[in-house]
Amino acid sequence: SQQNINFRDVELAKPFEYKAPFSARTRSWLNKTGFIDLRFPVKLTDIGNQVFLKDPNFNSIETQQFMHTNLTSEPINAEAWHYFYNEFLDVNKEFDREQLISGLTMKLRHHSEDHFGPGSKLNIVIARKIIECYTADYALGDLGVIMEKDGYYIGKKLN
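In short: position in the sequence shown from 1, add 206, done, that's this note's numbering.
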């Protein structure tokens, strides 16, 4: 049966093992996957609800692949994710956090020099979210898009 579930951030973040104040991170990227609407209380979209009914912890490999596809195929709503996977990884098979931040700065600064120019704290946050999402085993880490090795990250495209 289809129903729409209302969540507080803490409930939404529980399957990903986030606790306050980090639950807002979960809300951000679940919104960019198209699984939730960004409002309070958090509401699942129709597609989010369908996935939730089959995989309430959002942890099956199929769900992770679906989330990854939604994050990286949307150049407008999830521009940083789209850039990371479709442009940055094409030329940076191995990278460190600073290289990712630099790439994000170059890609996003045309929106607002104040928000995304050199020294932007937003680019640091975006880079952290991307790295966390693709390295944590409770997020999309099982996909193997980023592997950490000796202080560097090795990026891999999925087949």
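Backbone N, C-alpha and C fix where the C-beta goes; we use that ideal spot for every residue, glycine too.
*asked:* List, from N- to C-terminal side, the beta strand (DSSP E) runs of 3 residues or more that fit wholly inside the segment 233-272.
replied: 248-250
Considering Cα atoms alone, identify which of Gly325, Asn255, Arg245 and Ile337 is closest to leucine 295. Ile337
- Task: Using alpha carbons as the reference points, say which of Leu346, Tyr358 and His316 lies closest to leucine 364.
- Result: Leu346
**OP:** Return the chain-ordered list of same chain residues with a C-beta closer than 6 Å to the C-beta of tyrosine 291, the five sequence neighbours on each side being excluded.
**Re:** Thr278
With the cut-off set at 8 Å, would you say asparagine 283 and isoleucine 307 are in Cβ contact?
no
Item checked: Nearest-angstrom Cα separation, counted from alanine 333 out to tyrosine 358 -> 14 Å
**Asked** Residues in its own chain within less than 8 Å of glycine 323 by CB, not counting five upstream and five downstream?
**Response** Thr311 and Arg315
* **Per-residue DSSP class, three states only, for isoleucine 330** => helix
Quiz item: According to the neighbour-count rule (16 or more other Cβ atoms, all chains shown, within 10 Å of its Cβ), is isoleucine 352 buried or exposed?
Solution: buried
Drop a sphere of 10 angstroms on the beta-carbon of serine 326, count the other beta-carbons inside from all chains shown, and report buried for 16 or more, exposed for fewer. buried
Here's the rule I'm using: 16 or more other beta-carbon atoms within 10 Å means buried, otherwise exposed. How should glycine 168 be labelled? Here the chain comprises residues numbered 207 to 365, so residue 168 is not present and cannot be evaluated.
### Query
Under a Cβ-count criterion, where at least 16 other Cβ atoms within 10 Å of its own Cβ denotes burial, should leucine 259 be classed as buried or exposed?
exposed
Original post:
Between the Cα of lysine 355 and the Cα atoms of Lys313, Lys299, Gly240 and Lys249, which residue gives the shortest distance?
Top reply: Lys299
Rounded C-alpha distance that separates threonine 341 from glutamate 319: 29 Å
Practice task
For leucine 244, count neighbouring Cβ atoms within 10 angstroms of its own Cβ and tell me buried if that reaches 16, exposed if not.
Solution key: exposed
Review point. With a cut-off of 8 Å, does the C-beta of glutamate 319 fall near any C-beta of chain C?
Key: Reference to chain C is not applicable here, since this structure consists of a single protein chain.
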